[in-house]
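> The letter at position 327 of the sequence shown is residue 400 when you use our numbering, and the numbering goes up by one with no holes. Ideal Cβ positions, reconstructed from N, Cα and C, are used throughout, including at glycine. Nothing here was measured: the structure is a model prediction, and the numbers come from that model.
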Amino acid sequence: MEKTKGKKKRSFPLAEQIFIALILAIIVGLLMQNHSAFADSYIKPFGTIFLNLVKFIVGPIVLFSIMAGVVSLSDVKKVGKIGGITLVYYFCTTAIATVIGLILANLFKGTFPALETSSLTYEAPEATKPMDVVVNIFPNNFLTPITESNMLQIIMMALLIGFAVILLGGVKAQKAIDTINLLNDIFMKIMEMILKLSPFGVFCLLCPVVAANGPKVIGSLAKVLLCAYIAYVLHALIVYSTAVRTMGDMSPAAFFKGMAPAMLFAFSSASSVGTLPINMECTQKLGATKEVSSFVLPLGATINMDGTAIYQGVCAVFIASCYGISLTLPQMITIVLTATLASIGTAGVPGAGMIMLAMVLTSVGLPVNGIALVAGVDRIFDMGRTTLNITGDASCAVIVSHILGKKAVKVAASR
Ligand code: ASP
74 MEKTKGKKKR SFPLAEQIFI ALILAIIVGL LMQNHSAFAD SYIKPFGTIF LNLVKFIVGP
134 IVLFSIMAGV VSLSDVKKVG KIGGITLVYY FCTTAIATVI GLILANLFKG TFPALETSSL
194 TYEAPEATKP MDVVVNIFPN NFLTPITESN MLQIIMMALL IGFAVILLGG VKAQKAIDTI
254 NLLNDIFMKI MEMILKLSPF GVFCLLCPVV AANGPKVIGS LAKVLLCAYI AYVLHALIVY
314 STAVRTMGDM SPAAFFKGMA PAMLFAFSSA SSVGTLPINM ECTQKLGATK EVSSFVLPLG
374 ATINMDGTAI YQGVCAVFIA SCYGISLTLP QMITIVLTAT LASIGTAGVP GAGMIMLAMV
434 LTSVGLPVNG IALVAGVDRI FDMGRTTLNI TGDASCAVIV SHILGKKAVK VAASR
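#1: I want to check one thing, is the minimum distance from the CB of Arg458 to the heavy atoms of ligand 1 below 7 Å?
#2: When the Cα of Met531 is compared with those of Pro423, Leu126 and Leu461, which residue comes out closest?
#3: In or out: Ala161 buried (at least 16 other Cβ within 10 Å) or exposed?
#4: Can you give me the C-alpha to C-alpha distance between Glu75 and Ile210, rounded to a whole angstrom?
#5: I want to check one thing, is the minimum distance from the CB of Met320 to the heavy atoms of ligand 1 below 7 Å?
#6: Could you name the residues of the same chain whose beta carbon sits closer than 7 Å to that of Ile91, not counting the 5 residues immediately before and after it, in chain order?
#7: Report back the beta-carbon spacing between Thr375 and Leu268 to the nearest angstrom; my notes put them in contact at under 8 Å.
#8: Could you tell me whether the Cβ of Asn179 comes closer than 8 Å to any Cβ of chain D?
#9: Is Met74 helix, strand or coil by DSSP?
#10: Could you name the residues of the same chain whose beta carbon sits closer than 7 Å to that of Gln404, not counting the 5 residues immediately before and after it, in chain order?
#11: Pick helix, strand or coil for Met105, following the three-state DSSP scheme.
#12: Going straight from the alpha carbon of Pro423 to that of Ile417, what length do you get?
#13: With distances taken Cα to Cα, identify the nearest neighbour of Leu232 among Leu136, Met261 and Phe85.
#14: Run through DSSP, which three-state label would Asp451 get?
#15: Where does Phe260 land, buried or exposed, given buried means 16+ other C-beta within 10 angstroms?
#16: Leaving out five residues before and five after Thr159 in sequence, what residues of the same chain have Cβ atoms less than 8 Å from its Cβ?
#17: Does any heavy atom of ligand 1 sit closer than 7 Å to the C-beta of Asn223?
#18: For Gly235, name the three-state secondary structure that DSSP assigns.
#19: Just how far apart, CA to CA, sit Ala343 and Ile116?
#20: Are the region 174-183 and the region 384-402 touching by the rule of at least three beta carbon pairs closer than 8 Å?
#21: To which residues of the same chain is Gln106 closer than 6 Å at the C-beta, ignoring the five residues directly before and after it?
#22: In chain order, which continuous runs of the beta strand (DSSP E) of length 3 or greater are located wholly inside the region 379-425?
#23: Would you give the residue range spanned by the alpha helix (DSSP H) that Asn377 belongs to?
#24: Could you spell out the range, first to last residue, of the alpha helix (DSSP H) harbouring Tyr302?
#25: Just how far apart, CA to CA, sit Ile398 and Val206?
#26: So, helix, strand or coil for Leu323, using DSSP?
#27: Can you tell me where the alpha helix (DSSP H) with Glu354 in it begins and where it stops?
#28: Is the beta carbon of Ser366 within less than 7 Å of some heavy atom of ligand 1?
#29: Report all residues from its chain with a CB closer than 6 Å to the CB of His475; omit the five preceding and five following residues, and keep chain order.
#30: When the distance is taken between beta carbons, is Leu446 closer than 8 Å to Leu188?
#31: Hey, how far is the Cα of Ile406 from the Cα of Leu294?
#32: For His308 versus Ala415, is the C-beta distance shorter than 8 Å?
#33: Excluding five sequence neighbours on each side, which residues of the same chain lie with their C-beta closer than 6 Å to the C-beta of Thr167?
#34: Name the residue from Gly426, Gly386 and Ser394 whose alpha carbon lies nearest to the alpha carbon of Leu410.
#35: Using CA coordinates, which residue listed in Thr217, Ser222, Asp113 and Met140 is at the minimum distance from Lys128?
#36: Taking buried to mean at least 16 other C-beta atoms within 10 Å of its own C-beta, is Asp451 buried or exposed?
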């Protein structure tokens, strides 16, 4: 007995496991390029099963963790404070992201290929109106937020129930708090079990994508992709590094190291919502409090999409150049505004950012058909933009936790 205790099993960190799975997926995917149908039929379904499990857990996790967070704060004002700082951070970083995307796209413009546009067709879904984004936050039914995994509606529901429990007070509230905490613990346990499968999930999700796309599909769009990826990296290195260093008192290296599992997962799954459970785990390990991360991250997975904003800026400039249009400064400013709004309305699922690109193009009078130019490689854009999207959410969780922690120390000291 003693002996087994002494022989501690060497743990193999999740980040390393996911990284190995990612490399294997690329190698196997490249080898399977001539058998992509096989990968699609027999490997992808396992990735889908894994993603289904993650999606299944994400609704209850967000619902109960936000409720648990709200009731533990037992102070409506504090929730407002967290919400306020978060929203300001999200809006500012997304606007900066679009500016970085536009600057880089303009620098790269001369190297972009001039693709043929006369025969393009793209069937755009009905465009979302900006006010629809606001109206859709409010659920008209108790179950649809969960059945449709509508994060903003789940957040609204959790806040309403959480506030009601606080206002109820007394013994009744205590009973409700115990039940909420119990349910939260149960769903967190399920999440832990599912996350153990993530290296396997990553492999099965990424391998068929590499097998189907291979390097050849990148072809003429290599420069546009490169431009977007440079902008993603610059945004992370400049904006998030500075933000976590100055406002979160954390070294950027420690931040990115701690975030590696979630970033690798986001890269493979291209879904911010799917990455939510692992992102919560990473940020909490980095020191973000549970109450903050369980509020800030689900909100971010729905409304904060810096990568998507960059992508939309870069694609707008590229599509304009293919149509022989040179965007003016006022048009660029319009893009910054609409890309920020469009990224708020973008769902945290694969491919959603491309659909919202229609809103950005329309705002400056560019033909929506131009989306067809970039649609073929959307997944490759998406993997990078999702990685940036979730990293931005995490940086906010770390910063807000730090700010609130500092305030709490100050308050305690002044007593
Ligand atoms: N796939 C992205 C995400 O989940 C959204 C997008 O398509 O831009 O964050």
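Let me spell this out:
#1: yes
#2: Look at the range of the chain in this structure, 74 to 488, and you will see that residue 531 is not part of it.
#3: The displayed chain sequence assigns Val, not Ala, to residue 161. Answer is exposed; the Cβ neighbour count stays below 16.
#4: Bear in mind that the predicted position of Glu75 carries a pLDDT of just 41, short of 50, making it unreliable; the figure below should be weighed with that in mind. Each residue's Cα considered, the two are about 56 Å apart.
#5: No, the beta carbon of Met320 sits no closer than 7 Å to any heavy atom of ligand 1.
#6: Short of 7 Å from the beta carbon of Ile91, and not among the five residues preceding or following it, lie these beta carbons of its own chain, in chain order: Ser271, Pro272, Val275, Pro334, Leu337 and Phe338.
#7: With a Cβ gap of about 21 Å, Thr375 and Leu268 do not count as contacting.
#8: In the structure shown, chain D cannot be found, because there is only a single protein chain.
#9: Because the pLDDT of Met74 is 40, which lies under 50, any placement of that residue in the model is unreliable, and the number read from its coordinates should be weighed accordingly. DSSP places Met74 in the coil class of the three-state scheme, outside both helix and strand.
#10: Val437
#11: coil
#12: 15 Å
#13: In terms of CA proximity to Leu232, Leu136 leads the group Leu136, Met261 and Phe85.
#14: helix
#15: So Phe260 ends up on the buried side.
#16: Phe368, Val369, Leu372, Gly373, Cys469 and Val473
#17: no
#18: helix
#19: So the alpha carbons of these two residues sit roughly 17 Å apart.
#20: yes
#21: Ala284 and Gly287
#22: Contiguous beta strand (DSSP E) elements confined to the region 379-425 do not occur, taking only those with 3 or more residues.
#23: Unbroken run through Asn377: none, as it is neither H nor E.
#24: Ala295 to His308
#25: 30 Å
#26: One detail in the question is off: residue 323 reads as Met in this sequence, not Leu. If DSSP states are grouped into helix, strand and coil, Met323 belongs with coil.
#27: Ser345 to Lys358
#28: Result no, Cβ not under 7 Å from ligand 1.
#29: Same-chain partners within the cutoff: Gly321 and Asp322.
#30: yes
#31: 25 Å
#32: no
#33: Once the five neighbours on either side are set aside, the close Cβ partners of Thr167 are Asp379, Ala382, Thr413 and Ser416.
#34: Gly386
#35: Ser222
#36: buried
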